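So the sequence lines, in the order shown, correspond to chains A and B.
By this note's numbering, the letter at position 129 of the first sequence is numbered 369, and the numbering carries on one by one without gaps.
By this note's numbering, the letter at position 463 of the second sequence is numbered 485, and the numbering carries on one by one without gaps.
A short worksheet on the structure shown next.
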Amino acid sequence: MSVNEESIQSTSHRRTWRDVDLRAVAPFAALALLLIVGAIVNPNFIGLNNLANVATRCAFIAIIAVGATFVISAGDLDLSVGSMVAFVASLMILFMNSGVIADPTLMLTAAVVFAVAAGAACGLANGLITTVGRIEPFIATLGTMGIYRGLTTWLSQGGAITLREPEIQELYRPAYFGSILGVPVPIAIILAVTAVAAVILYRTRYGRHVVAVGSNSDVARYSGIAVNRVRTIAFVIQGLCVAIAVLLYVPRLGSTSATTGILWELQAITAVVVGGTALKGGAGRVWGTICGAFILELVGNIMLLSNFISEYLIGAMQGAIIIIAMLVQRSLVRKS
Amino acid sequence: MNPETVEAGSVVLEARRISKSFSGVQVLFSVNFELRAGEIHALMGENGAGKSTLVKILSGFEQPSSGEILLDGNPVTLPPNGAAEALGIVIIHQEFNLAEHLTVAESLFLGREVTRFGVLDRKYMRAETRRVLDLLGCRVDANALISSLSIAEKQMVEIAKAISRDARVVFMDEPTAVLSREETNFLFRQVRKLREQGTSFVFVSHKLDEVLELTDRVTVLRDGQWVKTAPTAILDGESIAQLMVGREMSSLYPAKTEPDVDEEIVLRVESVSTDYVKDASFEVRKGEILGFSGMIGSGRTELMEAVAGLRSRLSGEVTIRGEAVTSGDVHAANRQGLAYMTKDRKAKGLLLNSGMTANLTLQSLGRHARLGYLDPNSEAAALERARRRFDIRVRDGNVVARRMSGGNQQKLLLAKVMETEPEIIIIDEPTRGIDVGTKQQIYHFISALARDGRSIIVVSSEMPEVIGLCTRVAVMREGRIVGMLEGDEITEQEIMRYAAGLKRMAAA
Numbered sequence: 241m242s243v244n245e246e247s248i249q250s251t252s253h254r255r256t257w258r259d260v261d262l263r264a265v266a267p268f269a270a271l272a273l274l275l276i277v278g279a280i281v282n283p284n285f286i287g288l289n290n291l292a293n294v295a296t297r298c299a300f301i302a303i304i305a306v307g308a309t310f311v312i313s314a315g316d317l318d319l320s321v322g323s324m325v326a327f328v329a330s331l332m333i334l335f336m337n338s339g340v341i342a343d344p345t346l347m348l349t350a351a352v353v354f355a356v357a358a359g360a361a362c363g364l365a366n367g368l369i370t371t372v373g374r375i376e377p378f379i380a381t382l383g384t385m386g387i388y389r390g391l392t393t394w395l396s397q398g399g400a401i402t403l404r405e406p407e408i409q410e411l412y413r414p415a416y417f418g419s420i421l422g423v424p425v426p427i428a429i430i431l432a433v434t435a436v437a438a439v440i441l442y443r444t445r446y447g448r449h450v451v452a453v454g455s456n457s458d459v460a461r462y463s464g465i466a467v468n469r470v471r472t473i474a475f476v477i478q479g480l481c482v483a484i485a486v487l488l489y490v491p492r493l494g495s496t497s498a499t500t501g502i503l504w505e506l507q508a509i510t511a512v513v514v515g516g517t518a519l520k521g522g523a524g525r526v527w528g529t530i531c532g533a534f535i536l537e538l539v540g541n542i543m544l545l546s547n548f549i550s551e552y553l554i555g556a557m558q559g560a561i562i563i564i565a566m567l568v569q570r571s572l573v574r575k576s
Numbered sequence: 023m024n025p026e027t028v029e030a031g032s033v034v035l036e037a038r039r040i041s042k043s044f045s046g047v048q049v050l051f052s053v054n055f056e057l058r059a060g061e062i063h064a065l066m067g068e069n070g071a072g073k074s075t076l077v078k079i080l081s082g083f084e085q086p087s088s089g090e091i092l093l094d095g096n097p098v099t100l101p102p103n104g105a106a107e108a109l110g111i112v113i114i115h116q117e118f119n120l121a122e123h124l125t126v127a128e129s130l131f132l133g134r135e136v137t138r139f140g141v142l143d144r145k146y147m148r149a150e151t152r153r154v155l156d157l158l159g160c161r162v163d164a165n166a167l168i169s170s171l172s173i174a175e176k177q178m179v180e181i182a183k184a185i186s187r188d189a190r191v192v193f194m195d196e197p198t199a200v201l202s203r204e205e206t207n208f209l210f211r212q213v214r215k216l217r218e219q220g221t222s223f224v225f226v227s228h229k230l231d232e233v234l235e236l237t238d239r240v241t242v243l244r245d246g247q248w249v250k251t252a253p254t255a256i257l258d259g260e261s262i263a264q265l266m267v268g269r270e271m272s273s274l275y276p277a278k279t280e281p282d283v284d285e286e287i288v289l290r291v292e293s294v295s296t297d298y299v300k301d302a303s304f305e306v307r308k309g310e311i312l313g314f315s316g317m318i319g320s321g322r323t324e325l326m327e328a329v330a331g332l333r334s335r336l337s338g339e340v341t342i343r344g345e346a347v348t349s350g351d352v353h354a355a356n357r358q359g360l361a362y363m364t365k366d367r368k369a370k371g372l373l374l375n376s377g378m379t380a381n382l383t384l385q386s387l388g389r390h391a392r393l394g395y396l397d398p399n400s401e402a403a404a405l406e407r408a409r410r411r412f413d414i415r416v417r418d419g420n421v422v423a424r425r426m427s428g429g430n431q432q433k434l435l436l437a438k439v440m441e442t443e444p445e446i447i448i449i450d451e452p453t454r455g456i457d458v459g460t461k462q463q464i465y466h467f468i469s470a471l472a473r474d475g476r477s478i479i480v481v482s483s484e485m486p487e488v489i490g491l492c493t494r495v496a497v498m499r500e501g502r503i504v505g506m507l508e509g510d511e512i513t514e515q516e517i518m519r520y521a522a523g524l525k526r527m528a529a530a
């Protein structure tokens with residue numbers, strides 16, 4: 241028996257250093273590498289100002305990608321998020337322009353509630369179409385992507401929708417440009433959203449169900465988990481995250497158009513994959529997602545600050561990153 | 023099938039002092055094994071004894087850490103990843119390697135398609151497929167889609183695939199695990215036929231009776247070591263089992279305890295029908311172990327899934343302690359104290375990439391959550407309890423389910439289901455693909471649960487299991503319950519009579 245116990249001891253010791261999950265560490269290693277590269281390319285890069293700027297600018301994608309982490313962990317996919325941003329933001333601005341409530345503070349509060357409800361409803365629609373309608377999430381959200389985009393174009397009549405009330409604008413501005421205790425509001429919101437999401441995904445019954453459904457929906461079903469409800473709620477969470485991103489987006493420009501949020505779904509999904517979440521479901525990494533979103537923005541920033549690559553290639557670069565991330569993920573799986 | 027090498031008794035494939043370690047853990051210790059031309063050689067041992075590893079090494083899927091492999095007396099290094107097929111060494115995997123969307127002929131020639139002028143020669147491939155299938159006495163159409171075949175037919179196609187590659191050595195890992203008795207007999211006839219032609223078989227199985235029936239010699243491994251090789255004729259089931267576990271098998275089955283006749287009826291199923299199941303009625307008393315026997319495909323699993331709410335009922339009533347259970351609602355059934363343990367632990371039972379804790383508590387997370395927030399300490403305590411209660415033996419508590427042995431997976435699955443603290447437990451194939459030692463343990467767990475006052479339904483294709491455990495046995499055939507046996511009636515012959523349709527109970 242004592243021999244047996246010894247072997248137990250030694251194996252558990254060896255695991256501690258060998259079994260560090262490379263996929264969880266990889267995105268942070270990549271981030272560190274990028275920071276070094278950036279510092280070499282341009283000394284201004286590593287300054288706190290520049291980095292805070294980058295973090296602020298990645299806020300939209302980061303927050304949307306947090307929602308995408310839930311959808312992807314549950315084994316689904318949402319392609320409609322970019323269009324959803326445009327649609328929800330347009331609705332919100334139109335609501336504020338409608339002037340149904342006279343008091344600007346009250347109006348803004350109502351508009352926030354309205355936007356959140358609209359985002360949740362869009363997510364719910366995606367979820368119900370995929371689960372109740374039993375349509376592949378890829379196809380279902382490809383459809384709603386067209387619908388949300390089309391509705392936005394129609395609402396704006398091909399032009400722009402602009403927030404007209406100067407009082408509301410003034411009141412709303414700090415939501416993007418302000419700061420709390422020296423931290424820019426968007427960064428504070430990223431951190432808050434991510435922290436809440438991490439608690440939900442790792443520490444609640446619902447989070448465990450998401451991972452179980454994404455990992456093997458049959459096992460989940462035989463374990464008495466309401467699979468369709470879990471998947472639908474993930475889409476609703478995605479919708480809520482889009483709404484939060486919209487709440488930051490509107491005060492920034494105060495206007496939307498048919499091209500708002502184009503290709504954001506690509507960036508959000510890239511951020512999730514770069515962050516180490518398995519695209520086939522079953523393993524979600526919320527903090528990795530944030531890291532992924534930051535990496536994407538950072539690459540763009542480095543390209544801007546350096547002189548040897550044209551910044552017009554940013555889109556191509558982001559496309560390349562998702563492919564590289566998948567390759568890296570797969571090679572890490574093989575090794576383990 | 024090279025006629026020159028077919029000399030009865032000559033050694034085709036030999037392993038000498040084979041050792042193998044995986045990341046520092048030695049799993050085979052200097053094992054010897056020899057396979058003669060035209061013999062069926064059983065390879066036996068408990069789970070984790072090293073059978074699968076030895077099979078993988080002898081078929082080239084793993085390389086030995088030390089020792090040598092001789093083919094026709096010449097030392098060889100077997101090429102990896104199935105390339106050993108070119109040498110006539112073929113392995114038929116436990117999990118089928120057939121693509122569902124291909125036809126039988128396409129499957130047979132997958133990866134070595136025959137072409138004429140660069141175009142697939144379908145006619146030739148179909149004819150050749152037909153020839154091989156006829157050789158096996160298998161009536162499957164060469165143009166049939168794999169997805170349309172029964173499990174037994176798929177098994178035959180796998181074997182046909184092996185023969186069409188001129189296999190001299192065929193490894194079969196638990197080939198009968200998914201076959202009914204009839205299908206097994208058919209398979210054995212074909213295997214014997216091929217043996218006459220000089221093909222050698224290595225037969226890995228947990229079913230002692232089949233080993234005794236089919237094989238010529240037996241090699242037993244225990245804890246990675248060679249224990250004995252002997253002609254099957256001089257062994258019996260008891261002696262093989264003893265060699266495998268290295269201890270006297272006191273009694274595989276615990277003593278039966280029958281519930282009182284006036285004990286409360288906890289589960290009542292009245293004329294339940296689904297797509298396949300017709301008009302099934304039965305009841306279970308508190309503390310009873312009720313068996314369900316029958317051929318594969320007789321509708322047992324479908325009936326149990328309908329009872330457990332995993333499948334909607336077309337008609338009929340299920341009541342637990344007098345309370346009706348909603349059709350197709352697993353949750354409701356769970357809440358009312360009924361749990362179903364699937365026979366498919368890999369695809370439906372466990373999250374293979376998750377650890378033991380996540381698996382254990384998945385069905386009962388509510389017990390470890392307050393307002394949805396999970397308490398890791400409570401979960402850890404549950405795992406500790408379950409490991410002790412069900413004797414789950416793993417070296418590392420963080421191991422993912424995929425890496426656990428079949429026996430430990432089965433214990434974990436049982437523990438997971440028991441976490442919901444059900445009063446009625448339906449266990450579908452309690453010991454599929456696990457070793458004798460673990461089987462015995464599981465039988466004792468089941469018996470202890472019944473003595474605790476829980477009611478258990480055991481669905482099993484292994485007749486000895488049903489006979490050894492249950493005080494009442496229902497027999498199903500073609501979607502109907504055709505027999506209900508009690509006491510002395512519970513014998514293999516009697517069950518067989520009902521299962522084969524020779525006898526049926528008078529309509530109640």
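The beta carbon of each residue, even a glycine, is placed where N, CA and C say it ideally should be.
Remember, predicted model here, so these are calculated numbers, not experimental data.
Does any residue of chain A bring its CB to less than 7 Å from the CB of residue i?
{"i": "residue 103 of chain B", "result": "no"}
{"i": "residue 364 of chain B", "result": "yes"}
{"i": "residue 387 of chain B", "result": "yes"}
{"i": "residue 391 of chain B", "result": "yes"}
{"i": "residue 396 of chain B", "result": "yes"}
Buried or exposed: where does residue i fall if 16 or more other Cβ atoms within 10 Å of its Cβ makes it buried?
{"i": "residue 401 of chain A", "result": "buried"}
{"i": "residue 413 of chain A", "result": "exposed"}
{"i": "residue 27 of chain B", "result": "Summary for residue 27 of chain B: the model assigns pLDDT 41, below 50, so the residue's position carries little reliability, and this model does not support an answer."}
{"i": "residue 459 of chain A", "result": "buried"}
{"i": "residue 399 of chain B", "result": "exposed"}
{"i": "residue 197 of chain B", "result": "buried"}
{"i": "residue 272 of chain A", "result": "exposed"}
Give the residues of chain B in contact with residue i, contact being defined as C-beta atoms less than 7 Å apart.
{"i": "residue 456 of chain A", "result": "373"}
{"i": "residue 522 of chain A", "result": "375"}
{"i": "residue 459 of chain A", "result": "370, 371, 372 and 373"}
{"i": "residue 452 of chain A", "result": "373 and 384"}
{"i": "residue 463 of chain A", "result": "384 and 385"}
{"i": "residue 416 of chain A", "result": "In chain order: nothing, as chain B lies at least about 32 Å away."}
Counting only C-beta atoms, is residue i closer than 7 Å to chain B at any point?
{"i": "residue 443 of chain A", "result": "yes"}
{"i": "residue 408 of chain A", "result": "no"}
{"i": "residue 323 of chain A", "result": "no"}
{"i": "residue 241 of chain A", "result": "For residue 241 of chain A, the predicted structure reports a pLDDT of 34, less than 50, and the residue's modelled location is therefore unreliable. The matter cannot be settled from this model."}
{"i": "residue 390 of chain A", "result": "no"}
{"i": "residue 313 of chain A", "result": "no"}
{"i": "residue 448 of chain A", "result": "yes"}
For residue i, go through chain A and note every residue whose CB falls closer than 8 Å to its CB, in chain order.
{"i": "residue 405 of chain B", "result": "None at all; the shortest Cβ gap to chain A is about 14 Å."}
{"i": "residue 332 of chain B", "result": "461 and 462"}
{"i": "residue 356 of chain B", "result": "464"}
{"i": "residue 380 of chain B", "result": "448, 451 and 452"}
For a contact defined as C-beta to C-beta under 8 Å, what are the partners of residue i on chain B?
{"i": "residue 297 of chain A", "result": "Per Cβ cutoff of 8 Å: no residues; residue 297 of chain A is ~34 Å from chain B at best."}
Residue i touches chain A at which residues, Cβ-Cβ below 7 Å?
{"i": "residue 352 of chain B", "result": "464"}
Counting only Cβ pairs nearer than 9 Å, list the residues of chain B close to residue i.
{"i": "residue 263 of chain A", "result": "Those within 9 Å of residue 263 of chain A in chain B number zero; the least Cβ separation is about 12 Å."}
Within the continuous alpha helix (DSSP H) that includes residue i, where are the two ends?
{"i": "residue 210 of chain B", "result": "203-218"}
{"i": "residue 446 of chain A", "result": "445-455"}
{"i": "residue 461 of chain B", "result": "458-473"}
Can you name the start and end residues of the beta strand (DSSP E) that residue i belongs to?
{"i": "residue 435 of chain B", "result": "Careful: residue 435 of chain B lies outside any beta strand (DSSP E), inside the alpha helix (DSSP H) at 428-440."}
*Using 8 Å as the Cβ pair cut-off and three pairs as the minimum, do the stretch 368-381 of chain B and the stretch 422-429 of chain A touch?*
no
*Inspect the CB distances between the stretch 206-225 of chain B and the stretch 47-64 of chain B and report whether three or more fall short of 8 Å.*
yes
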